[in-house]
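Quick notes on the structure that follows.
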Amino acid sequence: MQHKLEELLNEVNTASITDSANLEEFRIRFLGTKNCLKPLFSELKNVPNEDKKLVGQKINELKNAAQSVFDQFSEQLSNNAGTEEKVDFSRPGEPNNIGARHPISVVRKEIISIFERIGYGVSEGPEVEDDWHNFSALNFPEEHPARDMQDTFFVETEGKEMALRTHTSSVQVRVMENSKPPIRTISPGRVFRNESISARAHCFFHQVEGLFIDKDVSFADLKQTILFFAQEMFGKKTQIRLRPSYFPFTEPSAEVDVSCTICSGKGCNVCKYTGWLEILGCGMVDPSVLEAANIDPKEYSGFAFGMGIERIAQLKYRVNDLRLYSENDVRFLKQFKSAF
Ligand code: 2NL
């Protein structure tokens, strides 16, 4: 009996209780309805009378010791309750699913940043334009097909006939009217044309136009600027070629191709085995366009260029259907997650 008591006291005093399961085990063993002290109390009647008091005291001491060990650990564990599931502050955060930038925005940003590095500022203007800023000031003759309902969306606002701008040149006309040369500006924005929607045409697209006006600006300046842009956008090894073209607002005018970004000019199905891909149109600003904006063409000259952002994005990301840009299909959009 004596021996058993000492053993149990030792067990109580050295109990290792680290969680609520251990504590419950301890409670059942020493304090539960069938606890291990009960048989000791029943055995007490067999203890010789002279020892009864002492042994009884010992059992009570054991019971009290068990109770106090239980109390002590149960308090300790409840103090720790909040921190039992420890938060590891060094863990990386849960990724926040915030979507992706639209490829048109990615490319617009990139074009802007390339031109900002060579001194261009950004200008913006209205999408609903008057005839002067969209056509007349840009040397479009009255009978030009772009002025036809079939090519341009016309709207009536406040009794005035207005057009949804067909290019952002209208913004640059406003810049020329409102500031003095030197002018170095690029105009990104949405433009509208009355086309039926297909893989290669849409009723709206995004443009970046550029305008440089100063004394003695030459075609060589234009060519060098476009070469710089092409190499920043498509890589240092990119070559350009200019083909004669026509725009009402530039003279001379040119279409610019870059050496194919896929085959570097050797010929592949992307460049249709020509080695070249068309990226933009450009030219020297027509003297009558300068005049229309009150800039003296004898004192100043300039160049301008315009490109479709969709086209640049198509070459950069191999987008083969224009409609993908505006369908909001997440399977398309989420592919640009890593692009910035
Ligand atoms: C294209 C071609 C071009 C311009 C835009 C321009 C603007 C002013 C004066 C003269 Cl204010 N020209 N812009 C010039 C040549 C071409 O765009 O294919 N765009 C998508």
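Using this note's numbering, read the sequence shown as starting at 49 and increasing by one per residue. Even glycine gets a Cβ: it sits at the ideal position worked out from N, Cα and C.
Relative to Ser171, the option among Glu204, Leu186, Glu225, Glu190 whose CA is nearest is Glu225. Cβ neighbours of Pro229 within its own chain (closer than 7 Å, five residues either side excluded): Ile261, Asp262, Ile343, Tyr348. The region 226-246 makes no contact with the region 269-281, as fewer than three CB pairs between them are under 8 Å.
In this structure the region 113-127 lies against the region 49-68, because at least three pairs of beta carbons, one per stretch, are closer than 8 Å. Exposed is the label assigned to Leu102, since fewer than 16 other Cβ atoms lie within 10 Å of its Cβ. With fewer than three CB-CB distances shorter than 8 Å, the region 365-383 does not count as touching the region 323-339. Selection Ser266, Glu257, Cys311 evaluated against Gly283 yields Cys311 as nearest (Cα-Cα). A contact between stretches requires three or more CB pairs, one per stretch, nearer than 8 Å, and the region 53-61 meets this requirement with the region 101-117. Remark: C-beta atoms of Leu186 and Pro296 approach each other more closely than 8 Å.
In this structure Leu363 is in contact with Thr309, their Cβ atoms being roughly 6 Å apart against a cut-off of 8 Å. Of the candidates Trp180, Glu191, Phe353, the residue whose Cα lies closest to the Cα of Phe267 is Phe353. Straight-line spacing of the CA atoms in Leu290 and Asn182 works out to 26 Å.
Excluding residues up to 5 positions away in sequence, Leu370 lie with their Cβ nearer than 8 Å to the Cβ of Arg248 in the same chain. Per DSSP, Thr233 lies in no alpha helix (DSSP H); the unbroken beta strand (DSSP E) holding it starts and ends at 231-240. In its chain, beyond the 5 residues on either side, Leu212, Phe240, Asn242 have a beta carbon closer than 6 Å to the beta carbon of Phe201.
In this structure Arg232 is in contact with Gly169, their Cβ atoms being roughly 7 Å apart against a cut-off of 8 Å. The shortest C-alpha to C-alpha distance from Gly173 to any of Ala194, Thr322, Arg359, Ser218 is the one to Ser218. Distance from the C-beta of Met355 to the nearest heavy atom of the ligand 2NL is below 7 Å. DSSP places Ala361 inside the alpha helix (DSSP H), whose first and last residues are 357-365.
Cβ-Cβ separation between Gly356 and His254: approximately 7 Å, consistent with a contact (criterion under 8 Å). Lys111: member of the alpha helix (DSSP H) spanning 97-127, first to last residue.
Beta-carbon to beta-carbon, Thr216 and Glu257 are separated by about 5 Å, close enough to satisfy the 8 Å threshold.
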